[in-house]
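Engineer:
Numbering (full-length UniProt numbering), first residue to last: 1 to 522.
#1: If you count every other CB in all the chains shown that lies within 10 Å of the CB of residue 434, and 16 or more means buried, which is it?
#2: Just verifying my parser: in three-state terms, what is the DSSP assignment at residue 1?
#3: So what does residue 217 bridge to, in DSSP terms?
#4: Going by DSSP in three states, residue 193 sits in which element: helix, strand or coil?
#5: Hey, residue 156 and residue 136 are a contact pair by Cβ (cut 8 Å); roughly how many whole angstroms apart?
#6: Here's a check: name, in chain order, each residue in its chain whose Cβ is nearer than 7 Å to the Cβ of residue 350, leaving out the five neighbours to either side.
#7: According to the Cβ coordinates, are residue 114 and residue 18 closer than 7 Å?
#8: Residue range of the beta strand (DSSP E) that residue 207 falls in?
#9: Tell me whether the beta-carbon of residue 163 lies closer than 7 Å to the beta-carbon of residue 220.
#10: Starting from the Cα of residue 249, find the closest Cα among 222, 274, 225 and give me that residue.
#11: For the stretch 389-397 and the stretch 339-355, state whether three or more C-beta atom pairs, one from each stretch, are separated by less than 8 Å.
#12: Using 7 Å as the threshold, is the C-beta distance between residue 519 and residue 410 below it?
#13: List in chain order: all unbroken beta strand (DSSP E) runs of 3+ residues lying wholly within the stretch 428-508.
#14: Quick one: Cα of residue 526 to Cα of residue 27, how far?
#15: According to the neighbour-count rule (16 or more other Cβ atoms, all chains shown, within 10 Å of its Cβ), is residue 132 buried or exposed?
#16: Got a sec, what are the start and stop residues for the beta strand (DSSP E) residue 280 sits in?
#17: As a quick exercise: from 455, 140, 429, pick the residue whose alpha carbon is nearest that of residue 486.
#18: For the stretch 98-131, list the alpha helix (DSSP H) runs that are entirely contained and at least 4 residues long, ordered along the chain.
#19: In chain order, what residues of the same chain lie with their CB nearer than 6 Å to the CB of residue 37, ignoring the 5 residues before and after it?
#20: Looking only at its chain, what residues have a beta carbon closer than 6 Å to the beta carbon of residue 456, apart from the 5 residues adjacent to it on each side?
#21: In angstroms with no decimal places, state the Cα-to-Cα distance between residue 12 and residue 22.
#22: Alpha carbon to alpha carbon, how far is residue 490 from residue 423?
#23: Helix, strand or coil, according to DSSP, for residue 408 in the structure here?
#24: Hey, quick one: how far does the beta strand (DSSP E) through residue 394 stretch, first residue to last?
#25: Based on DSSP bridge pairs, tell me the residues matched to residue 515.
#26: With 16 other CB atoms within 10 Å as the buried threshold, where does residue 440 fall?
#27: Measuring CA to CA, which of 517, 336, 68 is closest to residue 420?
#28: Within 10 angstroms of its Cβ, does residue 277 collect 16 or more other Cβ (buried), or is it exposed?
#29: Start and end of the beta strand (DSSP E) containing residue 86?
#30: In terms of residues, what are the limits of the beta strand (DSSP E) holding residue 289?
#31: Compute the Euclidean distance between the alpha carbons of residue 104 and residue 29, then round it to the nearest angstrom.
#32: Identify every residue that forms a DSSP beta bridge with residue 348.
#33: Less than 7 Å between the C-beta atoms of residue 57 and residue 89, yes or no?
#34: Return the CA-CA distance between residue 213 and residue 288, expressed in angstroms with no decimal places.
#35: Is residue 437 near the ligand MG, going by C-beta to nearest heavy atom under 6 Å?
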């Protein structure tokens, strides 16, 4: 990267203004002395020398201005040359026009201010020192040829101090401007790099992405979106012209009051698309990001995952059925050969227990089959939870003081009623089985938040072992001899079918499961 690219443009403008100042100064003084020599503070013998010096200074000014226009020479080198020429030329013209008393020494202020643009403090001090030395040398030379005048040295000293102050102040300001320019350049490079990364990431996304402004103009589109919508989104392309179906969904989304984008369906030959709108800012007037997903591919992937899960479930189910069937078969064979009535009774009990286990297994599998048949509705926690607890106490013979309810007013969720009851039955049976069966051993609490509620079921039983936590929601994993191992697995499947989440939460003094539900789906 060249120096011209890293320097602030204001530095080059300052150099251009210095050139303009030099041209004006050289030619105005030369023309003025040539046209009105009687008014110039110089002797007749020095007029020709002053005019020749002015022409030479003007020629140098033209050459320096041309160098600045071309910018082929580095800024600092040009500035060194220009400041040096100005200091020497103005000091010489000052000598010809009566020294410091003539007033031309004040013309050094602007070149010394320009010297402050040099990056090195030493260079700035050298420039100010050079002007001071030439001024003092001129005053000393003049004092040797005439009567010594202290006032001339005082004026030269004060002017020299002023030149140092101007140069140092200019350098401080230039240093601040240079730092700001470097910081701005670094931020610009970082922004450009981030823009390239974002564009690359958007192009590599597996789904279509559009960025639209408040007027529906497409600002950005990746190749997946163009392929899905069968269009080329060129400049000045709008949703109305490039995708009328999507434009209708966009207009509908802007009219809705929900904060979160709602999925929509878009029909296309051979595939079905779904558009999701994400606002760029809280005010939807700023536009949105449109995420376009191929529902056909998503459904195919979900079907593959479902078949894989079904295969694992079938294998586990066959294994779980084989064990009680083997026990029943073995007990039946022994029953045929056993004459002792007491032993026959015990064998019959084994058959009954394993038959019951098979029945529980079938019931659990049937409840799992009902996960896809959901009828979501808005349920108020203050109504459905107490009714369930009353039924659970009655069926399981649970004392009233064991279960404690903590329900925030207005809490509710969007859920299938039968699915929610099935989840509550599974979680509360586990809680009753493992709790201490004391007053308040089971605590059911519902906490409300903006778009839904959290349903917590806590019991004061022994904590779950670390190894068991890894397999909590796996099918047929149980520590109970009479359990099917499907309770938590089915509960989580039913929760996911209702766009909810069931998870185990670490809790001191017991075990807690949390069901996070939403109200925004109804």
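All C-beta atoms in this analysis are idealised placements derived from N, C-alpha and C, irrespective of residue type, glycine included.
Structural biologist: In short, the structure shows the following:
#1: It counts as buried.
#2: Unreliable positioning characterises residue 1 in this predicted model, as indicated by a pLDDT of 44, which lies under 50. The coordinate reading is nonetheless provided below. Annotated three-state conformation of residue 1 is coil, per DSSP.
#3: In the DSSP output, where bridge partners are listed per residue, residue 217 has 238.
#4: Three-state DSSP puts residue 193 in a helix.
#5: Indeed they touch by this definition, with Cβ atoms about 6 Å apart.
#6: Excluding five sequence positions before and after residue 350, the CB atoms of its chain that fall closer than 7 Å to its own CB belong to 327, 331, given in chain order.
#7: Cβ atoms of residue 114 and residue 18: closer than 7 Å.
#8: Residue 207 -> no beta strand (DSSP E), and no H or E assigned at all.
#9: Taking a C-beta distance under 7 Å as the contact criterion, residue 163 and residue 220 do not qualify as a contact pair.
#10: Minimum Cα distance to residue 249 is reached at 274.
#11: No contact exists between the stretch 389-397 and the stretch 339-355.
#12: 7 Å or more divides the Cβ of residue 519 from the Cβ of residue 410.
#13: With a minimum length of 3 residues, the continuous beta strand (DSSP E) runs that stay inside the stretch 428-508 are 442-449, 452-459, 501-505.
#14: A query on residue 526 cannot be resolved here, the shown segment of the chain reaching from 1 to 522 and no further.
#15: By the neighbour-count rule (16 or more Cβ atoms within 10 Å), residue 132 is buried.
#16: Careful: residue 280 lies outside any beta strand (DSSP E) and carries neither H nor E.
#17: Measuring from the Cα of residue 486, the nearest candidate turns out to be 429.
#18: Unbroken alpha helix (DSSP H) runs of no fewer than 4 residues, entirely contained in the stretch 98-131, are found at 109-115, following chain order.
#19: Same-chain partners within the cutoff: 47.
#20: 445, 512, 514.
#21: Each residue's Cα considered, the two are about 15 Å apart.
#22: Residue 490 and residue 423: Cα-Cα distance of roughly 8 Å.
#23: Correct three-state label for residue 408: coil.
#24: Looking at the DSSP string, residue 394 is not in any beta strand (DSSP E); the run it does join, the alpha helix (DSSP H), is 381-396.
#25: As DSSP reads the structure, residue 515 sits in a beta bridge with 455, 502.
#26: Burial check for residue 440: the Cβ neighbour count within 10 Å stays below 16, so the residue is exposed.
#27: Ranking 517, 336, 68 by Cα distance to residue 420 puts 517 first.
#28: Buried is the label assigned to residue 277, since at least 16 other Cβ atoms lie within 10 Å of its Cβ.
#29: Premise fails: residue 86 lies in the alpha helix (DSSP H), 75-96, not in any beta strand (DSSP E).
#30: In the DSSP annotation of this structure, the continuous segment of the beta strand (DSSP E) that includes residue 289 starts and ends at 288-294.
#31: Rounded to whole angstroms, the gap between the alpha carbons of residue 104 and residue 29 is 10 Å.
#32: When DSSP reads this structure, residue 348 sits in no beta bridge, so it has no partner.
#33: For the pair residue 57 and residue 89, the CB atoms are nearer than the 7 Å cut-off.
#34: Rounded to the nearest angstrom, the two C-alpha atoms are 7 Å apart.
#35: As for the ligand MG, it is missing from this structure, which has no ligand bound.
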